[in-house]
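> So in the numbering used here, spot 33 of the sequence shown is number 39, and the numbers just go up one at a time. C-beta atoms are modelled at their ideal positions from N, C-alpha and C, and glycine is treated no differently. Below you'll find the structure I mean.
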Amino acid sequence: MDPMTNGVAAVSWGRDRIDLFWVDEAGSLWHRAFADGGWAVAESLGGHVVSVPAASAWGIDELEVFALLEGGALWDRYWDGSSWHPWESLGGELTGTPAATSWGADRLDVFASGRDGRTWHRWWDGQRWVEWERLPAGSGPG
């Protein structure tokens with residue numbers, strides 16, 4: 007397994023709920039949930055992932071997973087309470103492992119290291135993805 011994809015992301019959107027994400031040896035993203043006292047069967051979310059995934063929840067039964075796919079762009083898939091939506095490109099020229107968080111309903115923030123060595127940030131403002139911003143030097147690992 008490639009060390010760039012050897013890792014697990016975990017998130018919870020509510021009591022007694024955990025969602026895990028990982029990448030298999032073929033580069034596909036996988037998901038498995040703990041709910042109702044047990045683990046569900048793992049499901050493939052596809053893709054040609056080249057990073058460890060990151061995940062965040064912004065409400066009950068609402069979560070999003072992020073990963074770099076071939077080419078260095080950030081991609082995401084989200085769960086809306088009934089189904090997974092297809093992969094969506096958020097662009098960028100990135101490396102490494104993304105990080106994601108949410109401070110409340112309909113707000114998602116994602117961070118990643120750029121090929122330029124700086125930290126980049128993009129966020130969902132409740133209606134759209136705001137364009138990438140490069141954080142000032144000294145405000146992150148880059």
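Going by the CB atoms, is the gap between LEU74 and LEU100 shorter than 8 Å?
Against a cut-off of 8 Å, the Cβ pair of LEU74 and LEU100 comes out as a contact.
> Taking all protein chains shown into account, decide if ASP82 is buried (16 or more other Cβ within 10 angstroms of its Cβ) or exposed.
Classification of ASP82: buried, given that the 10 Å Cβ count is 16 or more.
> What does the alpha-carbon distance come out to for the pair LEU80 and GLY98?
Between LEU80 and GLY98, the C-alpha separation is close to 6 Å.
> Spatial neighbours of GLY102 within its chain, please: C-beta separation below 6 Å, excluding the five flanking residues on both sides.
So the qualifying residues of the chain are SER119.
> What does the Cβ neighbour count give for HIS91, buried or exposed, with the cut at 16 atoms within 10 Å?
Its Cβ having fewer than 16 others within 10 Å, HIS91 is exposed.
> Return the CA-CA distance between ASP22 and GLY43, expressed in angstroms with no decimal places.
Spanning the two alpha carbons is a distance of roughly 7 Å.
> What are the uninterrupted segments assigned as beta strand (DSSP E) that are 3 or more residues long and contained completely in the stretch 55-99, given in chain order?
Those beta strand (DSSP E) runs which fall completely within the stretch 55-99 and span 3+ residues are 60-65, 68-74, 80-85, 94-97.
> Here's a check: name, in chain order, each residue in its chain whose Cβ is nearer than 7 Å to the Cβ of HIS54, leaving out the five neighbours to either side.
Answer for HIS54: GLY33, LEU75, GLU76, listed in chain order.
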